[in-house]
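Chemist: Here you go, one structure.
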Amino acid sequence: MAADEEDVWAKATKVADDLYEIRDTFFPQNPDDKTSKLQHESDLALNLLDSIPAEQRKLPARRAAYEYLRGKILDVVPDYRKEAEDHLSKAVKLNPSLGDAWLCLGNCIWKKGDLTSAKNCFNLALSKVRIIRQKWLRKAFNMPGKP
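Those letters in the sequence shown? Residues 127 to 273, per my numbering, in order.
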């Protein structure tokens, strides 16, 4: 995979994370200013994501990452968005081990009031984190050169 291809995916991921930083730390006197800023920044992030050539989104892992990032960006606003849920659902279908996608999907579904389904998504997200942590610990304890 070319360095340029990795750079655009890394940049898209960072932009999505930065949106949540704005959401969590920007508190203007007028709450509408926050929503406007989030919408503007979301539009820019979606444009960046859409600049990734279609051929770089064909592999299932890349397609899952694309759907996850698109859903995450769309879900940054306080209100429920069906489009965000659709993209996040596609992401977890393409790659069920994406714990962050399950977490975002749970948040999205929670916004529409389906607490049972949201709880299921949160539990799946936690199970993915536990599995990753267990694999990492096994790997850490089996490292060569360690007593």
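Yeah, the Cβ is synthetic: ideal placement off N, Cα and C, and Gly gets one too.
Distance check for Arg264 and Asp144, CA to CA, integer angstroms please.
Modeler: In the sequence shown, counting from the first residue as 1, residue 144 sits at position 18. In the sequence shown, counting from the first residue as 1, residue 264 sits at position 138. Roughly 32 Å separates the two Cα atoms.
Chemist: Check the C-beta distance from Ile199 over to Leu220 and give it rounded, since I have them as a contact under 8 Å.
Modeler: Taking the sequence shown and counting its residues from 1, the one referred to as residue 199 is at position 73. Taking the sequence shown and counting its residues from 1, the one referred to as residue 220 is at position 94. Not really, about 17 Å apart at Cβ, beyond 8 Å.
Chemist: Could you have a look at Gly232 and say whether DSSP puts it in helix, strand or coil?
Modeler: The sequence position of residue 232 within the sequence shown is 106, counting from 1. It is helical.
Chemist: In terms of residue numbering, what span does the alpha helix (DSSP H) encompassing Gly197 cover?
Modeler: By one-based count along the sequence shown, residue 197 stands at place 71. First-last of the alpha helix (DSSP H) with Gly197: 186-200.
Chemist: Would Ala244 pass as a contact of Gly232 if the rule is Cβ separation under 8 Å?
Modeler: Position 118 of the sequence shown holds residue 244. Position 106 of the sequence shown holds residue 232. Yes, these two residues count as a Cβ contact at 8 Å.
Chemist: Here's a check: name, in chain order, each residue in its chain whose Cβ is nearer than 8 Å to the Cβ of Ser168, leaving out the five neighbours to either side.
Modeler: In the sequence shown, residue 168 corresponds to position 42, counting from 1. Counting only Cβ-Cβ distances below 8 Å, and skipping sequence neighbours, we find Leu145, Ile199, Leu200, Val202, Val203.
Chemist: To the nearest angstrom, how far is the alpha carbon of Asn156 from that of Asp150?
Modeler: Taking the first residue of the sequence shown as 1, we reach residue 156 at position 30. Taking the first residue of the sequence shown as 1, we reach residue 150 at position 24. C-alpha separation (whole angstroms): 15 Å.
Chemist: Express the C-alpha separation of Ser162 and Gln182 in angstroms, rounding to a whole number.
Modeler: By one-based count along the sequence shown, residue 182 stands at place 56. By one-based count along the sequence shown, residue 162 stands at place 36. Near 31 Å, if we compare the C-alpha coordinates of Ser162 and Gln182.
Chemist: Looking at the unbroken alpha helix (DSSP H) that takes in Asp169, where does it start and where does it end?
Modeler: Stepping through the sequence shown from its first residue, residue 169 is reached at position 43. Taken as a continuous stretch (DSSP letters only), the alpha helix (DSSP H) holding Asp169 covers 157-176.
Chemist: Which runs of the alpha helix (DSSP H), 4 residues or longer, sit entirely within the region 200-260?
Modeler: Listed in chain order, they are 208-220, 225-237.
Chemist: Once you ignore the five residues that flank Ala227 on each side, which residues in its own chain have a CB closer than 7 Å to its CB?
Modeler: Position 101 of the sequence shown, counting from 1, holds the residue named residue 227. So the qualifying residues of the chain are Tyr194, Leu214, Ala217, Val218.
Chemist: Along the chain, where does the alpha helix (DSSP H) containing Ala138 start, and where does it finish?
Modeler: Within the sequence shown, numbered from 1, the residue matching residue 138 stands at position 12. 129-151 is the extent of the alpha helix (DSSP H) around Ala138.
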